[in-house]
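Residue numbers (my numbering), protein chains in the order written: chain A, 118 to 307; chain B, 2 to 107.
Virtual Cβ for every residue (Gly too), placed ideally from N, Cα, C.
One structure is given here, and the rest of the page talks about it.
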């Protein structure tokens, strides 16, 4: 059963990821990204990270991809990019070679270190724990960790979000006449 | 016997996340649309999140899941600022690709 979930969700993840980089239309790429994000959410559920799966669907598939689609529609850049245009002839072969090398390197590291001497929570033990604990144990454990050990980092993320919102409003607002903005020189202002 | 063979281990999840990360890296190297580049960065962040969750379960440590939580917050902030920049640049130069943004000069 778990194998079936892994294979189906893994196919979703990889199919969506390949779709993101080969579809020439940005909207299609964004929809492929949704497929990948849902696949990752399924894999989170398969690994007992229920809260993160919910956040993955709501924040990533819900908010971030909608933001992507909104920007694509707003800017009217939803015309297909001609993928045959190739400014640097060697770029794609080099990218494939670098990607294969990176994959081989990470894969070797994973394969070599898979027998690492760490206390392994075996499958049956994890299932037993899950059966003994109440169904919201994942959320409780995560909340205990975030709000005790990482409470300073949690507070700093709120500062980060406020900074991001203010910066985006400054970047994207329409300049008043005669006002100099970072990205538009004064002569260009209406 | 079959059940023992058919249970995906942490190594499987880590290999899947390595493949996903590599696809993201290749995408950043070959695509020229700035919006698609952001999507490829999201792919890489998701690959890292997947390996965090796999190792959190393997080690029985919830800390990996809290790290994923923070990665998601930072990814949201990054996307917001990045898309703000893309909107500002594309409003000024419609149909710009990353090749047209090779200089920092506006």
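Rounded C-beta distance between residue i and residue j? I'm assuming under 8 Å.
i	j	result
residue 219 (chain A)	residue 29 (chain B)	About 12 Å; that fails the 8 Å criterion.
residue 289 (chain A)	residue 69 (chain B)	Between residue 69 (chain B) and residue 289 (chain A) the Cβ distance is about 29 Å, and since that is not below 8 Å, they are no contact.
residue 161 (chain B)	residue 285 (chain A)	This structure does not reach residue 161 (chain B), given that chain B is present from 2 up to 107, and the question cannot be answered.
residue 34 (chain B)	residue 143 (chain A)	6 Å
residue 170 (chain A)	residue 183 (chain A)	Not quite, the Cβ-Cβ distance comes to about 18 Å (not below 8 Å), so this is no contact.
residue 31 (chain B)	residue 208 (chain A)	7 Å
residue 74 (chain B)	residue 282 (chain A)	In fact, because the Cβ distance is near 13 Å, the residues do not count as touching under 8 Å.
residue 19 (chain B)	residue 224 (chain A)	6 Å
For residue i, collect the residues of the same chain with a Cβ closer than 6 Å to its Cβ; drop the 5 residues on either side in sequence, then sort them by chain order.
i	result
residue 39 (chain B)	83
residue 11 (chain B)	55 and 59
residue 259 (chain A)	168
residue 129 (chain A)	152 and 156
Drop a sphere of 10 angstroms on the beta-carbon of residue i, count the other beta-carbons inside from all chains shown, and report buried for 16 or more, exposed for fewer.
i	result
residue 76 (chain B)	buried
residue 99 (chain B)	exposed
residue 15 (chain B)	buried
residue 261 (chain A)	exposed
residue 230 (chain A)	exposed
residue 48 (chain B)	buried
residue 269 (chain A)	exposed
residue 210 (chain A)	exposed
residue 65 (chain B)	buried
residue 9 (chain B)	buried
residue 124 (chain A)	exposed
residue 22 (chain B)	buried
residue 272 (chain A)	exposed
residue 103 (chain B)	exposed
residue 276 (chain A)	exposed
residue 127 (chain A)	buried
Leaving out the 5 sequence neighbours to the left and right, which residues in its chain are closer than 8 Å to residue i when beta-carbon positions are compared?
i	result
residue 167 (chain A)	161, 255 and 256
Excluding five sequence neighbours on each side, which residues of the same chain lie with their C-beta closer than 7 Å to the C-beta of residue i?
i	result
residue 72 (chain B)	46, 49 and 50
residue 101 (chain B)	94
residue 278 (chain A)	none
residue 91 (chain B)	97
residue 119 (chain A)	163
Taking C-beta pairs closer than 9 Å, name the residues in chain C that residue i reaches, listed in chain order.
i	result
residue 159 (chain A)	Annotation note: the requested chain C is absent from the structure, which comprises protein chains A and B.
Residues of the stretch 133-145 of chain A with a CB closer than 8 Å to any CB of chain B: list them in chain order, please. 134, 135, 137, 138 and 143
Worksheet item: For the stretch 153-163 of chain A against the stretch 129-139 of chain A, are there 3 or more C-beta pairs whose distance is under 8 Å?
Response: yes
Check: Does the count of Cβ pairs from the stretch 262-271 of chain A and the stretch 169-183 of chain A closer than 8 Å reach three?
Finding: no
query: Would the stretch 155-173 of chain A and the stretch 41-60 of chain B be scored as touching if the rule is three or more Cβ pairs under 8 Å?
result: yes
>> With three or more beta-carbon pairs closer than 8 Å as the criterion, would you say the stretch 205-223 of chain A touches the stretch 179-191 of chain A?
In response: no
Q. What residues from the stretch 118-131 of chain A come within 7 Å of chain B, judged by C-beta to C-beta, listed N to C?
A. 119, 120, 123, 127, 130 and 131
When you check each C-beta in the stretch 256-279 of chain A against every C-beta of chain B, which residues fall closer than 7 Å? 258, 259, 262, 263, 267, 270, 274, 277 and 278
Taking any Cβ of chain A, which residues in the stretch 23-43 of chain B have a Cβ under 8 Å from it, in chain order? 23, 24, 25, 26, 27, 28, 30, 31, 32, 33, 34, 36, 37, 39, 40, 41 and 43
Could you list the residues in the stretch 60-75 of chain B with a C-beta less than 8 Å from some C-beta on chain A, going in chain order?
60, 61, 63, 64, 66, 67, 69, 70, 71, 73, 74 and 75
Report task. Name, going along the chain, the residues of the stretch 176-190 of chain A whose beta-carbon falls closer than 8 Å to a beta-carbon of chain B. Result -> 176, 177, 180, 181, 184, 185, 188 and 189
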